[in-house]
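There are 2 protein chains.
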Amino acid sequence: MTNTDATTTIAVTISLHSGLPAYEQIKEQIKALIMSGGLNAGEMLPSVRGFARDLKVSNITTIRAYSDLENEGLVTTVQGRGCFVNALPGEIVRKQYLDEIAANLTNVAVKGKAAGLTLKELKQKLEEKFNECD
Amino acid sequence: MTNTDATTTIAVTISLHSGLPAYEQIKEQIKALIMSGGLNAGEMLPSVRGFARDLKVSNITTIRAYSDLENEGLVTTVQGRGCFVNALPGEIVRKQYLDEIAANLTNVAVKGKAAGLTLKELKQKLEEKFNECD
DNA sequence: CTACTGTATATGCTCATTATACACAGCAGC
DNA sequence: GCTGCTGTGTATAATGAGCATATACAGTAG
């Protein structure tokens with residue numbers, strides 16, 4: 001028995017012209033899949049070739065994404081076999097999310113104040129967004 | 135009497151290695167000055183040359199910043215005279231801030247949910263940030 | 001051997017940034 | 001009014017980093 005006894009089918013969509021580099025979009029969506037449980041520890045990611053073909057980008061772009069994810073400690077790639085999700089990837093992503101949330105909220109506080117918004121109004125806007133997203 | 139009967143002294147600091155392009159940092163800080171009242175309608179911005187010398191960047195970098203600000207409707211530059219703040223620049227910047235806040239809060243909501251945070255916890259974090267910044 | 005996996009090299013494109021030379025505005029002095 | 005100096009913004013060509021590509025190379029497993 002190998003590491004993968006189930007076919008990993010993941011849905012990723014990248015939109016060029018979105019400002020963000022393609023490899024960043026791929027990384028973001030893989031992280032989201034990890035957090036949502038759509039991608040679990042030990043599972044194999046799509047092959048760099050097949051994934052690149054599906055997304056209509058070059059191999060290098062998917063390689064870049066996987067390479068970054070490996071540097072962040074989320075996956076491990078081994079030549080000839082594939083790229084596999086590490087144990088407890090959710091912990092790492094969660095920490096990244098918390099940092100990002102803190103940075104966003106700082107910006108919201110600073111610019112909200114500059115725009116003359118009250119804390120109550122900001123909280124209200126946050127609640128709306130929170131209820132909007134499924 | 136000309137457009138400028140007072141010397142405009144503005145404090146701007148750019149940090150290279152911050153990830154953001156120098157011209158973006160200049161734009162951001164000028165907008166912040168407009169919102170804080172440190173830069174009022176009719177006032178003249180520093181000359182592209184002097185500003186570039188002070189910030190230790192090239193003229194082109196300040197030109198790029200001023201050019202962007204002009205495209206956003208915040209300033210008007212006239213050859214041989216200088217770059218001047220338009221009327222009601224605060225309205226435009228405020229709208230930009232509101233859009234940015236909305237985008238940030240959407241991201242906070244999505245990633246906060248994914249990280250298992252409750253609305254209450256997010257509001258609490260927002261309140262902390264709000265009270266921290268002067 | 002064959003068919004799958006990841007990897008390395010050389011290339012082009014875009015964008016941020018630079019140095020240098022150019023063009024217009026305004027004021028001083030003849 | 002003209003001349004010239006010094007302030008202002010402007011245009012051109014060149015450099016460097018980062019994103020993306022195609023193509024050829026290398027390991028794994030049946």
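Chains A and B supply the protein sequences, listed in that same order. Heads up, the first sequence is in the numbering used here, so the first residue is 1 and it goes up one at a time. Heads up, the second sequence is in the numbering used here, so the first residue is 135 and it goes up one at a time. No residue lacks a Cβ here, since even glycine has one placed at the ideal position from N, Cα and C. Remember, predicted model here, so these are calculated numbers, not experimental data.
Boundaries (first-last residue) of the beta strand (DSSP E) holding residue i
i: A:Val85; result: Gly82 to Val85
i: B:Thr196; result: Premise fails: B:Thr196 lies in the alpha helix (DSSP H), Asn193 to Asn205, not in any beta strand (DSSP E).
i: A:Val78; result: Val75 to Val78
Interface partners of residue i on chain A, CB under 9 Å
i: B:Cys267; result: Thr106, Ala109, Val110 and Lys113
i: B:Ile235; result: Asn107, Val108, Lys111, Gly112, Ala115, Leu117, Leu122 and Lys125
Any chain B beta carbon closer than 8 Å to residue i
i: A:Lys123; result: yes
i: A:Ile174; result: The structure shown does not extend to residue 174 of chain A, since chain A is modelled only from 1 through 134, so no value can be given for it.
i: A:Ser18; result: no
i: A:Phe51; result: no
i: A:Thr2; result: Caution is warranted here: a pLDDT of 36 is assigned to A:Thr2, below 50, making its placement in the model unreliable, and the coordinate value is therefore given only provisionally. Chain B, which has no Cβ nearer than 8 Å to the Cβ of A:Thr2, makes this no.
Start-to-end residues for the alpha helix (DSSP H) that takes in residue i
i: A:Thr106; result: Pro89 to Ala114
i: A:Met35; result: Ala22 to Ser36
i: A:Glu121; result: Leu119 to Glu132
i: B:Val182; result: Val182 to Leu189
Amino acids of chain A, ordered along the chain, whose beta-carbon sits closer than 7 Å to that of residue i
i: B:Leu232; result: Ala115
8 Å Cβ cutoff met for residue i and residue j
i: B:Ala221; j: B:Ala186; result: no
i: A:Leu126; j: B:Leu256; result: yes
i: A:Ile26; j: A:Val48; result: no
i: A:Met44; j: A:Gly82; result: yes
i: B:Ile235; j: A:Lys111; result: yes
i: A:Thr61; j: A:Glu70; result: no
i: B:Ile168; j: B:Val219; result: yes
i: B:Lys190; j: A:Ala109; result: no
Residue of the options minimising C-alpha distance to residue i
i: B:Thr147; options: B:Ala237, B:Gly153, B:Gln163 and B:Pro155; result: B:Gln163
i: B:Ser170; options: B:Lys247, B:Leu253, B:Ala145 and B:Asn205; result: B:Ala145
i: B:Ser149; options: B:Asp188, B:Val219 and B:Lys254; result: B:Asp188
i: B:Pro155; options: B:Ile226, B:Thr211 and B:Ser192; result: B:Ser192
i: A:Ile92; options: A:Glu24, A:Gln124, A:Leu74 and A:Asp68; result: A:Leu74
i: A:Asp99; options: B:Ala249, B:Gly214 and B:Leu253; result: B:Ala249
i: B:Glu266; options: A:Gly80, A:Leu119 and A:Gly19; result: A:Leu119
i: B:Tyr231; options: A:Asn107, A:Tyr97 and A:Lys129; result: A:Asn107
i: A:Tyr66; options: A:Lys129, A:Leu105, A:Lys113 and A:Glu24; result: A:Glu24
i: B:Asp268; options: A:Gln124, A:Lys113 and A:Glu72; result: A:Lys113
i: A:Leu105; options: B:Gln258, B:Ser152 and B:Asp202; result: B:Gln258
Contacts that residue i makes with chain A (C-beta to C-beta distance below 8 Å)
i: B:Ser170; result: Ala114
Minimum Cβ-Cβ distance from residue i to chain A less than 8 Å
i: B:Lys263; result: yes
i: B:Ala166; result: yes
i: B:Arg198; result: no
i: B:Arg228; result: yes
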